[in-house]
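Input: a single structure, listed below in structure tokens.
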Amino acid sequence: GVLIDDLVTKGTNEPYRMLTSRCEYRILLRHDNADIRLSPSGREIGLLKDREWEVLQNRWKGIEVETDRIKKIKIPATEKTNQTLRGANSSPLSEAIPAIDLLKRPEINWEVFSELTQSYLEKELGERISVSFKYEGYVDRQMRQVEKFRRMEILKFPEDFRFNEVIGLSAEGKQKLRKFMPITLGQASRISGIPPTDIQLLWVAIEHKRRSKGGASDV
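Heads up, the sequence shown is in the numbering used here, so the first residue is 8 and it goes up one at a time.
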């Protein structure tokens, strides 16, 4: 999807290299959550058999149950706890703290955490939980970005929209827009060489044109 979108909206003068950095939402599109993101679509088109689907659902349920359990427990400030923390080069506790706060420490991996919380979840699934909590703030921020771009993606340029008539657009921006002729503001935002200021001007111009025609905004 990233490759096709890039070739259509950005073009290339050399062989296309598929790099992680090309993906706008790489924090969300991780390899460890690929099954959660893609399996429902695979199931819908018949690629997953009943047994395979059942196994995946059981794995997801295990993650959900363990996540809920972790949110409810606290880690006591016992000598045994602090001994384990020192072994992981982590600061000892002076009082009990929520398990989530401990898991968010960068030096605390799932192996150490599962020992402190008596978790019997398999390591692979436990590490998923660990990643989800450690990067929770980044994930939330990117989800907000996704929502913003989702609104841009459905905001279409009117059929009679003329890029040359938008006051303030950069010369390069006008040239690129005429070349690729994006259908939506989201597509325009991904064209290489178009600055964010041009996207804002386009957004204002679309809304102004809609209001002048008495139409409602899509965003």
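Quick reminder that beta carbons are idealized off the backbone N, C-alpha and C, glycines included.
Three-way DSSP call (helix, strand, coil) for residue i in this model
{"i": "residue 183", "result": "helix"}
{"i": "residue 191", "result": "strand"}
{"i": "residue 87", "result": "helix"}
{"i": "residue 145", "result": "helix"}
{"i": "residue 76", "result": "helix"}
{"i": "residue 129", "result": "coil"}
{"i": "residue 56", "result": "coil"}
{"i": "residue 25", "result": "coil"}
{"i": "residue 226", "result": "Bear in mind that a pLDDT of 48 at residue 226, under 50, signals an unreliable position, so the model cannot answer this."}
{"i": "residue 168", "result": "coil"}
{"i": "residue 111", "result": "coil"}
{"i": "residue 196", "result": "helix"}
{"i": "residue 65", "result": "helix"}
{"i": "residue 33", "result": "coil"}
{"i": "residue 155", "result": "helix"}
Counterpart residues of residue i in DSSP-defined beta bridges
{"i": "residue 104", "result": "82"}
{"i": "residue 163", "result": "191"}
Whole-Å CB distance - residue i paired with residue j, under 8 Å assumed
{"i": "residue 109", "j": "residue 120", "result": "7 Å"}
{"i": "residue 133", "j": "residue 139", "result": "Rounded, the Cβ-Cβ distance is 11 Å, inconsistent with contact."}
{"i": "residue 80", "j": "residue 19", "result": "Not a contact, Cβ separation roughly 51 Å."}
{"i": "residue 42", "j": "residue 63", "result": "6 Å"}
{"i": "residue 130", "j": "residue 168", "result": "At roughly 54 Å, the Cβ-Cβ gap does not stay under 8 Å, so residue 130 and residue 168 are not in contact."}
Where the alpha helix (DSSP H) through residue i begins and ends
{"i": "residue 122", "result": "117–124"}
{"i": "residue 98", "result": "First-last for residue 98: undefined, no H or E at that position."}
{"i": "residue 211", "result": "203–219"}
{"i": "residue 177", "result": "Note, residue 177: premise wrong, no alpha helix (DSSP H); not H, not E."}
{"i": "residue 47", "result": "41–51"}
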